[in-house]
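Heads up, the sequence shown is in this note's numbering, so the first residue is 11 and it goes up one at a time.
Glycine included, every Cβ here is placed at the ideal spot set by N, Cα and C.
Since the model is a prediction, treat every value here as computed from it, not as a measurement.
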Amino acid sequence: MFGNTALFALALAPFAVAQISEGFEQGWNQTTWTTYAPDCNQGGKITLDTTTAHTGKNSIRVDGAGGYCGHIFVGTNKVPTGDVYVRTYFKAAKAFTDSHVTFITHPDPAQGANKHLRIGGQSKILMYNRESDDATLPDLSPQGIASTVSIPVNTWRCLEYHLGTDGSIETWFNGTAVSGLTAKPGVSNPNTAQWQRSSIKPKVTGVYFGWESYGGDTNTFWYDDIVVSDKKIGC
Ligand SMILES: *[C@@H]1O[C@H](CO)[C@@H](O)[C@H](O)[C@H]1NC(C)=O
Ligand SMILES: *[C@@H]1O[C@H](CO)[C@@H](O)[C@H](O)[C@H]1NC(C)=O
């Protein structure tokens, strides 16, 4: 199922991508899966890893260096124009620290030029960060921190999320919905006050997997069995 990159364009909407599915078993196609490192690129590295995989033999490996310019990502701008669902398996070499890091980033013109919707870590937990105002989802209060998850080390885990056209965000980790990583307009969540102080509705133009740190943290991440769709995928 994951052997080839599959691009199924909708017949009636030629620019909408219905589904991308990639397991890197045919290698790393650098035309389809482009490198992304805005502003600067010093020390981060992407390779095809033929020694570890979620399924099959291959995965894509990102060795992220420390500091903003140590960032590097690999991904695609072929994202649906409406609802966006992304499902990936990932493995991290090191746990998150208290410092702010990103491992999935999305250019998001809804926030302004060169701004990103980011998924990463801070306070040792999984979170979202909106670059334009540095808001986090969830709030980094003790209750907010407890409403999300920490990521295990050296184990493949499934992460899926939904960016809705109404500005909603839903997240599933290992197949389970994470309350602190859920924000829906009009639905109260005691741990998302900072996120919901803005009415920006993310409208992402790509999804890129990698590493970016704002302190000195370095890490290695592996990604496999990535699906980008306009519908829920599941683990
Ligand atoms: C890479 O993907 C593109 C389409 O995205 C395709 O045209 C090309 O043949 C692929 N390259 C290889 C080496 O498979
Ligand atoms: C992941 O999900 C599986 C199946 O639901 C469950 O057995 C396992 O305990 C979960 N692991 C973690 C770390 O949540």
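Reduced DSSP secondary structure (H/G/I, E/B, other) of residue i
| i | result |
| --- | --- |
| Gln40 | coil |
| Ser109 | coil |
| Trp166 | coil |
| Lys242 | coil |
| Ile155 | helix |
| Gly130 | strand |
| Asp73 | strand |
| Pro119 | helix |
| Gln29 | strand |
| Leu150 | coil |
| Ser178 | coil |
| Thr15 | For Thr15, the pLDDT reaches just 44, beneath the cut-off of 50, and the residue's location in the model is therefore unreliable, leaving the point undetermined. |
| Asn78 | In the sequence as displayed, the identity of residue 78 is Tyr instead of Asn. Helix, per DSSP. |
| Ala209 | Reading off the sequence, residue 209 comes out as Ser, not Ala. Ser209: coil per DSSP, three-state reduction. |
| Ser223 | strand |
| Gly190 | helix |
Local Cβ density within 10 Å of residue i, reported as buried at 16 or more and exposed below that
| i | result |
| --- | --- |
| Thr175 | exposed |
| Thr181 | buried |
| Val111 | buried |
| Ala123 | exposed |
| His131 | A quick correction: the sequence has Gly, not His, at residue 131. So Gly131 counts as buried. |
| Pro212 | buried |
| Gln40 | exposed |
| Asp108 | exposed |
| Ser133 | buried |
| Val163 | exposed |
| Arg207 | exposed |
| Ser223 | buried |
| Ala102 | buried |
Neighbour flag for residue i against chain D, beta carbons, 8 Å
| i | result |
| --- | --- |
| Asp108 | This model lacks chain D altogether, as it is built from one protein chain only. |
Proximity to residue i [Cα-Cα], best of the options
| i | options | result |
| --- | --- | --- |
| Gly154 | Pro162, Met137, Asp144, Glu170 | Met137 |
| Val237 | Asn51, Thr98, Cys79 | Thr98 |
| Tyr46 | Thr65, Val72, Gln29, Asn199 | Val72 |
| Ile275 | Phe113, Leu58, Gly216 | The displayed coordinates of the chain run from 11 to 245. Any statement about residue 275 would go beyond what the structure contains. |
| Glu8 | His116, Val96, Asn229, Asp108 | This structure cannot settle anything about residue 8, because the visible part of the chain is limited to 11 through 245. |
| Gly80 | Thr230, Lys242, Lys241 | Thr230 |
| Gly250 | Arg167, Gly77, Thr42 | Past the boundaries of the shown model lies residue 250; the chain is included only from 11 to 245, so the question cannot be answered. |
| Ser178 | Thr62, Phe106, Val94 | Val94 |
| Trp232 | Thr86, Phe100, Phe34 | Phe100 |
| Ala63 | Asp108, Ser157, Thr165 | Thr165 |
| Gly37 | Leu58, Pro195, Gly185, Gln204 | Leu58 |
| Ser151 | Pro200, Leu173, His172 | Pro200 |
| Asp227 | Lys104, Lys67, His172, Gly92 | Lys104 |
| Arg167 | Ser157, Asn184, Ala156, Thr158 | Asn184 |
| Cys50 | Ile82, Ile30, Asn68, Gly33 | Ile82 |
| Leu127 | Phe34, Ile210, Thr202 | Ile210 |
| Lys241 | Ser69, Lys125, Pro90, Gly196 | Pro90 |
Which residues, in chain order, sit with a beta-carbon under 6 Å away from any heavy atom of ligand 1?
Having a Cβ closer than 6 Å to some heavy atom of ligand 1 are Asn39, Thr41, Thr42.
Does the segment 36-55 come within contact of the segment 64-84, defined as at least 3 CB pairs closer than 8 Å?
With a cut-off of 8 Å on Cβ pairs, the segment 36-55 is in contact with the segment 64-84, counting three or more such pairs.
Pairs of beta-carbons, one from the segment 214-222 and one from the segment 188-201, closer than 8 Å: are there three or more?
Cβ pair count under 8 Å is below three, so no.
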